[in-house]
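Peer 1: Input: one structure, supplied below.
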Amino acid sequence: MQRVKWGIMGTGAIARAFVRGLERSRTGVASAVGSRKRSSAEHFGEEFSIPRRHESYESLLADPEVAVVYIATPHPYHAEWTVRAAEAGKHVLCEKPLALNHAQGMAMVEAARENGVFLMEAFMYRCHPQTAKLIELLRQGVVGEIRMIRASFGFGGGRAINADGRIFNKDLAGGGILDVGCYPVSAARLIAGVAVGEPFANPVEIVGAGHIGSTGVDEWTAAVLRFESGIIAQVSTAVRVSPDRTLEICGSDGAVIVENPWVADRIEADQGRIVVSTGGERRIVEVPADRTSFAYEADAVAAALASEAREGAWPAMGWADTLGNLATLDGWRREIGLVYDSETSAGNRPVRGALARRSNARMTYGRIPGLDKPVSKLIMGCDNQRTYAYGAAMWDDWYERGGNAFDTSWVYGGGTMEVLLGEWIKARGIRDEVVVVVKGAHTPRCTPELLVADFHESLDRLGFEYADLYVMHRDNPDVPVGEFVDVLNELMGKRLIRGAFGGSNWSIDRFEAADEYARRGGKTGFAVMNNNLSLARMVKPVWPGCVHVSDDASRKWLERTGTTNLSWSSQARGYFLPESERMKLGPDNFACWDAPDNRERRKRAEELAKKKGCAPINIAAAYVLNQPFPSFALVGPRTIQETAATIPALRIELSRDEIDWLWGR
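Spelled out as structure tokens, the structure:
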């Protein structure tokens, strides 16, 4: 059998452990090694008889002999080099934690998906037969109903602080949670999933406490995870304390203890041993092993490649499992107040190292009257980015895909979204390239005076000198339209709005009245409408005061007047997703769209999607983009995968007949 040829990226202790395991694997061989220094690569290659030695990571990725790259760099470099490896067509086994946070992890997983390569997070214990045996016993119900889990992994009792070493270096994302705390969390989530018949489960609540030392990293910490099933897990980690490294599962009928759950020996094969205590009796289950965990891990990768899988075969870490683990680690760090500098606007970099449009970006653009720059036909809604690291990952990806338009509002997240978006734009130096829809005057602050006050606050939060496009978030019929037109013209006169303005959730009658007032007074009128337009009719308002223009009469008015519409909830908030995904969005959201006529439209979208080789949700977005009037679609992806799934709508062309047929005319 031809062995899998591995390229080793990094020459530290964990790389040595993996290569020793690789030597005892049944499937793999270390074919090449890459380091940032020629001397390191040469020394490592000599030690392990590796023939191909590269003085840079770039050179390693360019090596045609390398099929799989094992990434063993310090944590902060995992994301960039995983993405670059995927783009080079290399399969990847990346050391844990896969990334510093869930945001980076999304980018890495999407890079693997888009480039068709294998990617797995290197939790070697998940590949050891002891873990498989543990799962088997739990599924057999050896302890009855699982209720509590306790897992710990730490080291360093009595250790002096070495501020220059990786473990205590905040710049290298040191500390216990990311280095070894990820193991107990992954085990707790695995077992909580097994208890409910799933591959893993994510906690619904995280409560933690910990000690952050003089170098800024967590030195000892613990957390309690609560799962929807009622299971409670206690996890702990340390780099200056040496707790026991056990895993304990307590159920209604007894307990299971795994004395060496992480089977982390780097030289000899770890023999598995599981202790089951039930009914006053203690039974020991021996699990023989003939290789180290690292060897089993390498063979698991080879098996996945042979089956043409693109992620780890359970119980090894699959993509959703890894992302759930990273999100849990994020929550644990939030509980103890640990943020790395690279997660802030001052230190954060794009995953690829530099921000640039992709050569294969598919974005299309339109024009909005009054604006002197093109606007991407898809506009990203910025209403769910709660941390800078998460926002930056989403917005970097959006920009790289060609997106240059963003929608935000004074009311979103109490101003958090505006602050984070503004910090990102400033940090990336792209203010002149992007179009930001600044919104305000949301009920109950929809008066001329409060509009002006909130407008200035939005600019302060964003750090902008002006708004490209300002949109009133709501209308207030008790206020004469002329008063709104007057204050908006005053802002334009002061060059605080340098493009155009418009109204969101305005009726056509009020919109026309505002433009008529402007024409009579020789003033600037509304350039855009920002109402919902989607293939599904909004059955009831998503929020109070919402207005749609999906009906025939409204669309005819838009076509006749040539009015630009920026459609929010352009994909009917997931109504055209497969049923299993659609129902996850909740009954309240579903009730806003579900009706017999919309169900028929969904059937037509599904039928047309089959013909055009796309997803029904793409047909829904294309319906908005292909209207016979200037039409832009606001989208609100929560993950990079959702962004990637939205982009195909841009390549779908719909004829007038297809648009009419989809609606049911």
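In the working numbering, the protein residues as written are 6 to 670. All C-beta atoms in this analysis are idealised placements derived from N, C-alpha and C, irrespective of residue type, glycine included. Since this is a predicted model, take the numbers as computed values, not measurements.
#1: When you compare each of V441, C255, K378, A627 to E470 by their alpha carbons, which one comes out closest?
#2: By DSSP's criteria, T569 is part of a beta bridge. Which residues make up the other side?
#3: Grab the span of the alpha helix (DSSP H) containing M111 for me, first residue to last.
#4: Under DSSP, the alpha helix (DSSP H) around D491 begins and ends at which residues?
#5: For the structure I just gave you, are there three or more beta carbon pairs, one from the segment 227-243 and one from the segment 258-275, closer than 8 Å?
#6: One question on the structure: do A519 and L376 come within less than 8 Å of each other, judged by their Cβ atoms?
#7: Using only the alpha-carbon positions, how far apart do S234 and V201 sit?
#8: Roughly how many angstroms lie between the CA atoms of N167 and L183, to the nearest whole one?
#9: Give the DSSP-derived three-state secondary structure of E313 in the structure shown.
#10: Beta-carbon within less than 7 Å of S247's beta-carbon, same chain only, minus the 5 sequence neighbours each way: which residues are those?
#11: Starting from A472, follow the beta strand (DSSP E) in both directions and report where the run begins and ends.
#12: Return the CA-CA distance between R57 and I19, expressed in angstroms with no decimal places.
#13: Under the assumption that W548 contacts M534 (Cβ atoms under 8 Å), give the Cβ distance between them as a whole number of angstroms.
#14: Report the rounded CA-to-CA distance for A351 versus L334, giving the unit in angstroms.
#15: Between the Cα of R661 and the Cα atoms of N631, I645, D412, which residue gives the shortest distance?
#16: Please check the pair S54 and G39, which I expect to be a contact at CB under 8 Å, by giving their CB distance rounded to whole angstroms.
#17: Assuming L27 is part of the beta strand (DSSP E), what are its boundary residues?
#18: Is A351 near the ligand GDP, going by C-beta to nearest heavy atom under 7 Å?
#19: Three Cβ pairs or more, each shorter than 8 Å: is that satisfied between the segment 400-411 and the segment 493-503?
#20: Where does D465 land, buried or exposed, given buried means 16+ other C-beta within 10 angstroms?
#21: Compute the Euclidean distance between the alpha carbons of W319 and A303, then round it to the nearest angstrom.
#22: Nearest CA to the CA of G407: which residue from S414, K431, E438, G420?
#23: Among G215, I279, G284, N353, which one has its Cα closest to the Cα of R339?
#24: Grab the span of the beta strand (DSSP E) containing D223 for me, first residue to last.
#25: Answer yes or no: do K101 and F123 have a C-beta to C-beta separation smaller than 8 Å?
#26: Out of E586, A625, K545, point me to the one whose CA is closest to S572's CA.
#27: Taking the alpha carbon of E316 as the point to measure from, which residue in G277, C99, A638 has its own alpha carbon closest?
#28: Where does L613 fall in DSSP's three states?
#29: I need the DSSP call for H447, collapsed to helix, strand or coil.
#30: Would the beta-carbon of V552 fall within 8 Å of that of A600?
#31: Quick check on A361: buried or exposed, where buried means 16 or more other Cβ atoms within 10 Å of its Cβ?
#32: Distance, Cα to Cα, A654 vs R367?
#33: Give the secondary structure of A260 by DSSP, where H, G and I count as helix, E and B as strand, and everything else as coil.
#34: Count the other CB atoms, across all protein chains shown, that sit within 10 Å of the CB of R250; report buried if there are 16 or more and exposed otherwise.
#35: Could you name the residues of the same chain whose beta carbon sits closer than 6 Å to that of G15, not counting the 5 residues immediately before and after it, in chain order?
#36: Span of the beta strand (DSSP E) holding I279?
Peer 2: The structure says:
#1: With distances taken between CA atoms, E470 lies nearest to V441 out of V441, C255, K378, A627.
#2: Under DSSP, T569 takes part in a beta bridge, and its partners are V533.
#3: Start and end: 107-120.
#4: First-last of the alpha helix (DSSP H) with D491: 486-498.
#5: no
#6: no
#7: 7 Å
#8: 18 Å
#9: coil
#10: Here the set comprises G159, F160, G161, G162.
#11: 472-477
#12: 19 Å
#13: Not confirmed; about 17 Å, so no contact.
#14: 22 Å
#15: N631
#16: No, S54 and G39 are not in contact; Cβ-Cβ is about 16 Å, not under 8 Å.
#17: No beta strand (DSSP E) contains L27, which is instead part of the alpha helix (DSSP H) from 18-28.
#18: The ligand GDP is not part of the structure shown, which contains no ligands of any sort.
#19: Verdict: no, contact absent.
#20: exposed
#21: Rounded to whole angstroms, the gap between the alpha carbons of W319 and A303 is 14 Å.
#22: E438
#23: G215
#24: 223-231
#25: For K101 and F123, no; Cβs fall outside 8 Å.
#26: Comparing Cα-Cα distances from S572 to each of E586, A625, K545, the minimum goes to A625.
#27: When C-alpha distances from E316 are compared across G277, C99, A638, the shortest belongs to C99.
#28: helix
#29: coil
#30: no
#31: A361 should be labelled exposed.
#32: 10 Å
#33: strand
#34: The residue in question, R250, is buried, as its Cβ has 16 or more Cβ neighbours within 10 Å.
#35: Setting aside the 5 residues that flank it on each side, G15 is surrounded in the same chain by A77, T78, each with a C-beta closer than 6 Å to its C-beta; the list follows chain order.
#36: 277-283
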